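**Q** Protein chains in written order, with the working numbering: chain A, 642 to 890; chain B, 690 to 1091.
From the three backbone atoms N, C-alpha and C, an ideal C-beta is built for every residue, glycine too.
These numbers come from a predicted model, not from an experiment.
Before I ask anything, here is the structure I am working with.
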């Protein structure tokens, strides 16, 4: 267990294999409360795999992950506890298409937190207001634009009042004109003091709100540091090369 | 501003003559085709109609209406199926009020049919004035139920509960009765027959095979080896065997192995056979639906904290079942038609009654066509309403699907 009381996520020597493929090769990371961490790197570098081990959508095979003092193991109660404390936003939104926006948001509060329907709906309405689409509550996800769907997905994750928010490439599946509306919501969230782990290539977002950045390549953390250090003075060749590629786009 | 271009196609010239010229007689070849088709339709329709109204002899069909409905159910206990019919019609009326879109056509059809049946002049002694009056109450009950459902006195949940309660009451208490109770004497299922048995087998088979099929489909994807192997074995063995064989198995062979005092009722055995058969196919249909759910849905459900059971019931199954409504309804319809196979294990369903009426009079032997057309018509009507309801269901549930 970590000695640092401030750390809400502690990963120690995390390894993950897919068959013979070694996807994560000993990841160490400490995330403090209210910290915004951006993870970036080329595709296949293990960044999505890593963020998904934190709420155990992927199972790590070696090492230790502790989230808010709860160690992730095969114990189902621990996993459920951690999932209640962490919200996740996916690249493909993954809204439930058979439920309305409102039903999507209140589902977990009602069934997992056992809140009464009225309370859950009240909170859902506040959240929809916060992400800027209060008028869409009764629509189905299929009737919304990609940007609106992703904002609903953020509201759905926030409805459980999580301590940590995980974002797995939240803007990669969006048309360019919709990226901004989602990033604006995420910037607001970061400023409100939410602990956030964000896998993204949106360097503007990283520059604006990230406290620390981690560069992943081939299943390892190649370099980490504050955004100023990473952007102005990257130490590793691979970081330099990758940054020059994505910033020139 | 961009000026909106006029993208509308020019309107068709109005009038039926213009329509005829445009669609049927636009050139000499189309005109020829139209004339040939018209003559074929004319001769086909003329010969069918003249057969129906002159050549055909409908005596075996109209001669014994009660036999078609309830078989040999004792005539002095007629009030029991009669009361059952009332109750069911009342419930159909309520269903019409609550789920107007799906049940309306069927309910109106039944009301009209039963009304006609009550007043049509059939020359048969079994249909007394009392029976006619009793039948005439059915449309009234349908309408009464409709008003109750329409005015929100009951909601869908109430109606479903009522359906389960009332149909169990009818099938387990009212129709079979009990030994030694004077006003509700036991009526063996050996004398049940006709539409009563056909519907009992079909509805019972559908209602029972659906949940079993869903469980088998889930079992087949289970990570527990015992559950998985059992499900696969069950599905593959049953699917590899014809329904007739299964009915024989349950009706005859099973009875040989079980001790005499634990004999299961004959109709019940057939029902179990139909259910088992249908469940195996249902499982494969549902499995197809389960496979169509993207893994992201399950991940999202897990990520917001739902447990496995909640994920299945709230997220996966609603989407999976919706995706396979057409094949599930197809399965129901074919189960409904397959009930006719119980004739071979000696149960007098609708088809069995038809056959026994044909055999009851030497004059009827040559009237098979009339009989089978009549029975086919009954099956068609039920199947048609089922498939119509399924189409509407698909359309409604289609909202919100990407």
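Would residue 735/A pass as an interface residue toward chain B - the criterion being a Cβ-Cβ separation below 8 Å?
**A** Cβ-Cβ to chain B under 8 Å: yes for residue 735/A.
**Q** For a contact defined as C-beta to C-beta under 7 Å, what are the partners of residue 696/A on chain B?
**A** Here the neighbours are 992.
**Q** Check whether the stretch 731-746 of chain A and the stretch 1006-1024 of chain B are in contact - that is, three or more C-beta pairs closer than 8 Å.
**A** Counting Cβ pairs under 8 Å, three or more are found: they touch.
**Q** Select from the stretch 978-1012 of chain B all residues with a C-beta closer than 7 Å to any C-beta belonging to chain A, and list them in chain order.
**A** Residues passing the 7 Å Cβ filter: 985, 986, 988, 989, 991, 992, 993, 994, 995, 996, 999, 1003, 1004, 1007, 1008, 1011.
**Q** To which residues does DSSP link residue 711/A through a beta bridge?
**A** Note: residue 711/A sits in a beta bridge opposite 708/A.
**Q** Checking contacts by CB at 8 Å: is residue 762/A closer than that to chain B?
**A** By this cut-off, residue 762/A is not an interface position.
**Q** Would you report the Cα separation of residue 833/A and residue 807/A, rounded to the nearest angstrom?
**A** Approximately 15 Å, taken between the alpha carbons.
**Q** Look at the alpha carbon of residue 883/A and the alpha carbon of residue 865/A, and state the distance between them as a whole number of angstroms.
**A** Between residue 883/A and residue 865/A, the C-alpha separation is close to 14 Å.
**Q** Is the beta carbon of residue 959/B closer than 8 Å to that of residue 1034/B?
**A** Closer than 8 Å, so yes.
**Q** Hey, how far is the Cα of residue 797/A from the Cα of residue 999/B?
**A** Whole-angstrom Cα-Cα distance: 16 Å.
**Q** By the three-class DSSP mapping on this structure, what secondary structure does residue 701/A have?
**A** Three-state result, residue 701/A: coil.
**Q** Put residue 881/B into one of helix, strand or coil per three-state DSSP.
**A** The answer is strand: DSSP assigns residue 881/B an E or B state.
**Q** In three-state DSSP terms, what is residue 760/A?
**A** Residue 760/A falls in the helix class under three-state DSSP.
**Q** Short check: CB of residue 858/A to CB of residue 689/A, under 8 Å?
**A** The answer is no: Cβ separation not under 8 Å.
**Q** Considering only residues of the same chain and omitting the five flanking positions on each side of residue 734/A, which have a CB-CB separation below 7 Å?
**A** Here the set comprises 790, 791, 794.
**Q** List, from N- to C-terminal side, the alpha helix (DSSP H) runs of 4 residues or more that fit wholly inside the stretch 691-777 of chain B.
**A** Whole alpha helix (DSSP H) segments, 4+ residues: 705-712, 717-739, 748-751, 754-759.
**Q** Closer than 8 Å is the cut-off here; do at least three beta carbon pairs connect the stretch 775-783 of chain A with the stretch 798-805 of chain A?
**A** No, because fewer than three Cβ pairs between the stretch 775-783 of chain A and the stretch 798-805 of chain A fall closer than 8 Å, the two stretches do not touch.
**Q** In three-state terms, what does DSSP make of residue 836/A?
**A** Strand.
**Q** Grab the span of the beta strand (DSSP E) containing residue 889/A for me, first residue to last.
**A** Residue 889/A -> no beta strand (DSSP E), and no H or E assigned at all.
**Q** Taking the Cβ atom as the reference point for each residue, do residue 807/B and residue 795/B lie within a distance shorter than 8 Å?
**A** No. Outside cutoff.
**Q** Quick one: which residues of the stretch 728-757 of chain A get their C-beta closer than 7 Å to a C-beta of chain C? List them in chain order.
**A** No chain C appears in this structure, whose protein chains are A and B.
**Q** Going by Cα to Cα distance, which pick from 789/B, 1036/B, 865/B is closest to residue 832/B?
**A** Selected option, being the one with the closest Cα: 789/B.
**Q** Does DSSP classify residue 952/B as helix, strand or coil?
**A** Of the three classes helix, strand and coil, the one that applies to residue 952/B here is coil, per DSSP.
**Q** For a cutoff of 8 Å on Cβ pairs, would you count residue 844/A as touching chain B?
**A** It does not: the Cβ of residue 844/A has no partner Cβ on chain B nearer than 8 Å.
**Q** Mind checking residue 753/B: buried by the 16 CB within 10 Å criterion, or exposed?
**A** Label assigned to residue 753/B: buried.
**Q** State buried or exposed for residue 657/A, treating a residue as buried only when at least 16 other CB atoms are found within 10 Å of its CB.
**A** So residue 657/A counts as buried.
**Q** Out of curiosity, what's the CA-to-CA distance linking residue 699/A and residue 693/A?
**A** Their Cα atoms are separated by approximately 5 Å.
**Q** In chain order, which beta strand (DSSP E) runs of at least 3 residues are fully inside the stretch 818-882 of chain A?
**A** 836-840, 853-858, 861-866, all fully within the stretch 818-882 of chain A.
**Q** Can you give me the Cβ contacts of residue 1083/B inside the same chain, cut-off strictly under 6 Å, excluding the 5 residues immediately before and after it?
**A** If we look at residue 1083/B and ignore the five residues flanking it on each side, its Cβ neighbours are 1014.
**Q** Determine whether the beta carbon atoms of residue 985/B and residue 731/A lie at a separation below 8 Å.
**A** Their beta carbons are under 8 Å apart, which means residue 985/B touches residue 731/A by this criterion.
**Q** Of all the residues that make up the stretch 765-799 of chain A, which are near chain B by a beta-carbon distance shorter than 9 Å?
**A** Result list: 780, 781, 782, 783, 784, 794, 797, 798.
**Q** Taking the straight line between their C-alpha atoms, what separation do you get for residue 964/B and residue 894/B?
**A** Those two C-alpha atoms are separated by around 5 Å.
**Q** Compare the C-beta of residue 806/A against all C-beta atoms of chain B and say whether one is closer than 8 Å.
**A** Not one chain B Cβ lies under 8 Å of residue 806/A.
**Q** With DSSP run on the structure shown, which of helix, strand or coil describes residue 847/B?
**A** Residue 847/B falls in the helix class under three-state DSSP.
**Q** Mind checking who residue 655/A pairs with in its DSSP beta bridge?
**A** Partner(s): 668/A.
**Q** What does a CB cutoff of less than 6 Å around residue 1063/B pick up in its chain, not counting 5 residues either side in sequence?
**A** 750, listed in sequence order.
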